[in-house]
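Q: For what it's worth, the UniProt record's numbering labels the leading residue of the sequence shown as 1, then goes sequentially.
Following this message is one structure expressed as C-alpha cells.
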Amino acid sequence: MAAAKPFKALDEKFPFDRQLGIAAAPVVLVNVFTVDLFDEAGFLDAFKAAAEVITKQPGFISMQLHRALGESLTYLNYVVWESTETVRAAFADPEFLAKLPAYPSSVVAKPHLFQKVAVPGFCTA
Numbered sequence: 001m002a003a004a005k006p007f008k009a010l011d012e013k014f015p016f017d018r019q020l021g022i023a024a025a026p027v028v029l030v031n032v033f034t035v036d037l038f039d040e041a042g043f044l045d046a047f048k049a050a051a052e053v054i055t056k057q058p059g060f061i062s063m064q065l066h067r068a069l070g071e072s073l074t075y076l077n078y079v080v081w082e083s084t085e086t087v088r089a090a091f092a093d094p095e096f097l098a099k100l101p102a103y104p105s106s107v108v109a110k111p112h113l114f115q116k117v118a119v120p121g122f123c124t125a
C-alpha cells in the first residue's frame, strides 16, 4: 500500500475511485489486505500509524480490524463513515497520505464502499 502503489480493485467493474464519486450516507468502507508472513508486524505498525490519523478525520464513526483464521495472512478492516464525501476527504488528507509509504511492499489493499441493505425480518437499513 505504498504511495506509488495503487489500491487494487475488489470489484474490477466498479473500482474504489468511481465509488468515491457517488453521494451516499452513511457508508461502510471494507478494506481487504493481504500481506506476506515476514511483513505482518510491519503491516500492523503501519496500519496503527494510519489509523491514528483516520480516526480523527471528520465523518469517521468507527473502525474494526479483523484477521483471518489460521495461516491466512488476510485482514479485513471495517470502517463506518458519515458519507462518501468524508471518506474522499480522509483519503486525500496529506497527513494520511504521508503514512502510506510505511506499509511493506507486499501489502495489497482492496478498498470497497458499501451501504446497509434492509432485508425484512433480518436486517435494517
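Cβ coordinates follow ideal geometry from the N, Cα and C atoms, glycine included.
Could you check what DSSP says for VAL54 in three-state terms: helix, strand or coil?
A: Note that residue 54 is Ile in the sequence shown here, rather than Val. ILE54 falls in the helix class under three-state DSSP.
Q: Kindly indicate which three-state DSSP category PHE33 falls into: helix, strand or coil?
A: strand
Q: Between the Cα of ASP63 and those of GLU71, THR124, ASN31, GLY70, spot the shortest distance and give me the residue it belongs to.
A: One detail in the question is off: residue 63 reads as Met in this sequence, not Asp. Closest by alpha carbon: ASN31.
Q: DSSP on GLN115, reduced to helix/strand/coil?
A: coil
Q: How would you label VAL79, buried or exposed, when you count the other beta carbons within 10 angstroms and need 16 or more for buried?
A: buried
Q: Looking at the structure shown, is PHE47 part of a helix, part of a strand, or coil, going by DSSP?
A: helix
Q: Does any residue of chain B have a CB that is nearer than 7 Å to the CB of GLN115?
A: Here there is only one protein chain, and chain B is not present.
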